[in-house]
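Everything on this sheet refers to the single structure shown next.
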Amino acid sequence: MRATGIVRRIDDLGRIVVPKEIRRVLRIREGDSMEIFTDIDGAIVLKKYSPIGELGSVAKQYAESIAQVSGQTTIITDKDSVVAAAGTPKKDVIGKRITKKLENILAGRDMVKSTGKQAVNIVDNDDFDQTEQIICPIICDGDVIGGVIISAKSQDSQMTGVEEKIATMASKFLGKRMEV
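The opening position of the sequence shown corresponds to residue 241 in the numbering used here, with each subsequent residue numbered one higher.
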């Protein structure tokens, strides 16, 4: 853990304000859920809750299955970072924060298909060359909780309408899975 040098008092209702600077850096927005942990040293740790992160092994298997069937790179994200990936070096993307542009696309709640230079970087500083891309938000109980991204790696592996249907099906399945 890192000290921030910020000290806050607990109010009479037991609340404490997380400073704006920390919320901005960690992309914590009003209405976001937080997990509370304690350790034996008496520390209280707040962690942004990721519903898709709870499905980590399912998301990983789903991404691998989609990549195997479609022959395309498949990435599953929550609202902030990459949760699962297949068809790309996982160490290059897993756990990394998604780009602001991708975050905005997911918030738009519509499937987006892009080609060539319009393709969106998934994570900052990614050198992943994409010729085509389908981005489909995962929606649970009316809220966007992540996204399914299927990307073609080269001109040789053009995408068809099948990949759009697969991305839509995957996002709907993962959203429904979280409602249960």
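Just so you know, even glycine gets a beta-carbon here, dropped at the ideal spot from N, CA and C.
- For K405, the enclosing alpha helix (DSSP H) begins and ends at G401 to E419.
- Judged by pairs of C-beta atoms under 8 Å, the region 276-288 does not touch the region 301-310, as fewer than three such pairs exist.
- Contact annotation: I378 and I385 have beta-carbon atoms nearer than 8 Å.
- Residue state for E270 is assigned as coil, using DSSP reduced to three classes.
- Residue nearest to D318 within the set Q308, N344, S310 and V309 is N344 (criterion: CA-CA distance).
- Secondary structure at R337: strand, using DSSP grouped into helix, strand and coil.
- When beta bridges are read from the DSSP output, Q373 appears opposite S354 and S391.
- Within its own chain, the residues whose Cβ lies closer than 7 Å to the Cβ of R248, once the five positions on either side in sequence are excluded, are I256 and V257, listed in chain order.
- In this structure, K393 sits near T313, with a CB-CB distance shorter than 8 Å.
- Nearest in C-alpha terms to I292, of all of S273, I284 and S310, is S273.
- In the three-state reduction of the DSSP assignment, G348 falls in the coil class, being assigned neither a helical nor a strand state.
- With a beta-carbon spacing of about 7 Å, I306 and I390 fall inside the 8 Å limit used to define contacts.
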